[in-house]
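To start, the structure itself, in structure tokens.
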Amino acid sequence: MRATATAHPNIALIKYWGKREIARNLPAVGSISLTLSELFTEMTIDLDGHDVDTFALNGEADESLLPRLASCLDNVLGPDRPRAAISSRCNFPVAAGLASSSSAFAAAVVAADAAAGSGHAQAELIRLAGRSSGSAARSLAGGFVELDNTGEDVAVHTLLNPDDWPLRVVIAVTESGPKPVGSGEAMEISRKTSPFYSRWVEEQPADLEAARRAIADRDFRRLATVSEHNCLKMHSLMWASQPPVVYWNEATMSCLYTVRELQAGAVDVFFTIDAGPQVKAICTAAAEAAVRDALATTRGVVDTRVSGLGQGAHVVESM
Ligand code: PMV
Numbered sequence: 022m023r024a025t026a027t028a029h030p031n032i033a034l035i036k037y038w039g040k041r042e043i044a045r046n047l048p049a050v051g052s053i054s055l056t057l058s059e060l061f062t063e064m065t066i067d068l069d070g071h072d073v074d075t076f077a078l079n080g081e082a083d084e085s086l087l088p089r090l091a092s093c094l095d096n097v098l099g100p101d102r103p104r105a106a107i108s109s110r111c112n113f114p115v116a117a118g119l120a121s122s123s124s125a126f127a128a129a130v131v132a133a134d135a136a137a138g139s140g141h142a143q144a145e146l147i148r149l150a151g152r153s154s155g156s157a158a159r160s161l162a163g164g165f166v167e168l169d170n171t172g173e174d175v176a177v178h179t180l181l182n183p184d185d186w187p188l189r190v191v192i193a194v195t196e197s198g199p200k201p202v203g204s205g206e207a208m209e210i211s212r213k214t215s216p217f218y219s220r221w222v223e224e225q226p227a228d229l230e231a232a233r234r235a236i237a238d239r240d241f242r243r244l245a246t247v248s249e250h251n252c253l254k255m256h257s258l259m260w261a262s263q264p265p266v267v268y269w270n271e272a273t274m275s276c277l278y279t280v281r282e283l284q285a286g287a288v289d290v291f292f293t294i295d296a297g298p299q300v301k302a303i304c305t306a307a308a309e310a311a312v313r314d315a316l317a318t319t320r321g322v323v324d325t326r327v328s329g330l331g332q333g334a335h336v337v338e339s340m
């Protein structure tokens, strides 16, 4: 009645922003992401003889994520489930716009299923992960992943495996503390108040199709153009919300200038930014060293992380 699962965070190129249904946490739009290899969350769930749920992150008791983890376990195992000792090891900052919820809830769903021996099918695990965090559903799969929001429940499939197009991701960390407003709350502010929200939802199928084709053709420039456009549209609609949702800091902007300078020098790189101030630069393997060096020396960057593309969430130990 104990299992450990590992999941990697994913970075969306065509973003999920906005919910179609709050109760089931269904996204208003489809999305396309890259599952990373070097960053991970390892989650252990022990269901033997505990009176209450507990959670420890990197060895320290942590109350902040416990309610969401407990309701994730309720979804996977039912409300009458045994109480759990949950512990997690994560090799990157959490709740800072580095997609930590994607890997945390993907790992939690897979570990809980294995610990209880529930034997849920993969499509069911995807649906259950999506209930806790829309982006977590994508971390069930590896490589280039598309989330389809058009059915009754979310579905996820791999567009390309990691080795089919081994792009690299350089993450420029500009602030490692937690973000001021969580993505779930910010999405609702945008949906209710941004004048650009409905246009964002309307245009998403065209961006998804452009990205799908660029990925199928391994066309870096076309993928760069549609990804940057989609990212800036998402942030623009947040900025136009009331109250405005601004995740960027000064260094975020400096990183965008760095990426533009690299592009002017014919380096294959483009940027994307999620619900936080970090900048993720996607590049070819040949461009990785130049991109990492340029971002590491950009004013305000406190750390850089480099990753390739990785596999979907999986069980590492079960007993
Ligand atoms: O899944 P959530 O609730 O963490 O929201 C993810 C939102 C973005 O990271 C900004 C976009 C995305 O598609 O991952």
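Numbering (the working numbering), first residue to last: 22 to 340. Ideal Cβ placement from N, Cα and C applies to all residues, glycine included. Quick caveat: nothing in here was measured; it's all calculated off a predicted structure.
Check, Outcome
"The region 54 to 73 touching the region 103 to 113, judged by at least three CB pairs closer than 8 angstroms", "yes"
"Any non-hydrogen atom of the ligand PMV within 7 angstroms of Ala-296 CB", "yes"
"Neighbourhood of Val-175 by C-beta, 8 angstroms cutoff - its chain only, sequence neighbours within 5 removed", "Leu-47, Pro-48, Ile-147, Arg-148, Gly-151, Gly-155, Ala-158, Leu-168, Asp-169"
"Between the CA atoms of Ile-303 and Glu-196 - distance to the nearest angstrom", "19 angstroms"
"Candidates Phe-241, Trp-38, Ile-236: closest to Lys-213 by CA position", "Trp-38"
"Extent of the continuous alpha helix (DSSP H) run through Val-130", "121 to 137"
"As assigned by DSSP and simplified to three states, the class of Ala-272", "helix"
"Lys-36 beta carbon near the ligand GTP (any heavy atom closer than 7 angstroms)", "Ligands in the displayed structure: the ligand PMV; the ligand GTP is not one of them."
"Three-state secondary structure assigned by DSSP to His-29", "coil"
"Check: Ala-129 C-beta below 7 angstroms from any heavy atom of the ligand PMV", "no"
"Where Val-322 sits in the DSSP three-state scheme", "coil"
"Gly-203, buried or exposed, once every other Cβ within 10 Å from all chains shown has been counted against 16", "exposed"
"8 angstroms contact criterion, which Ser-262 and Ser-219 should meet: CB distance rounded", "About 13 angstroms separates the two Cβ atoms, so there is no contact after all."
"Any non-hydrogen atom of the ligand PMV within 7 angstroms of Gly-205 CB", "yes"
"As assigned by DSSP and simplified to three states, the class of Phe-292", "strand"
"Near the ligand PMV: Gly-155 beta-carbon under 7 angstroms from a heavy atom", "yes"
"Test item: CB-CB of Ala-24 and Ala-334 under 8 angstroms", "no"
"Beta-carbon proximity of Ile-192 to Thr-325, cut-off 8 angstroms", "yes"
"Chain-order list of residues whose beta-carbon lies under 8 angstroms from that of Ser-257 (same chain, five-residue window excluded)", "Phe-217"
"Ala-44 beta carbon near the ligand PMV (any heavy atom closer than 7 angstroms)", "no"
"Reference Ile-43; option with closest CA among Leu-277, Ser-328, Glu-206", "Glu-206"
"Three-way DSSP call (helix, strand, coil) for Asp-20 in this model", "Residue coverage of the chain in this structure runs from 22 to 340, which leaves residue 20 outside it and unanswerable."
"Beta-carbon gap between Pro-187 and Gly-331 smaller than 8 angstroms", "no"
"Alpha helix (DSSP H) segment containing Val-222, residue limits", "218 to 237"
"Separation of Ala-227 from Ile-53, as counted between CA atoms", "12 angstroms"
"Any non-hydrogen atom of the ligand PMV closer than 7 angstroms to Ser-92 Cβ", "no"
"Residue range of the beta strand (DSSP E) that includes His-178", "176 to 181"
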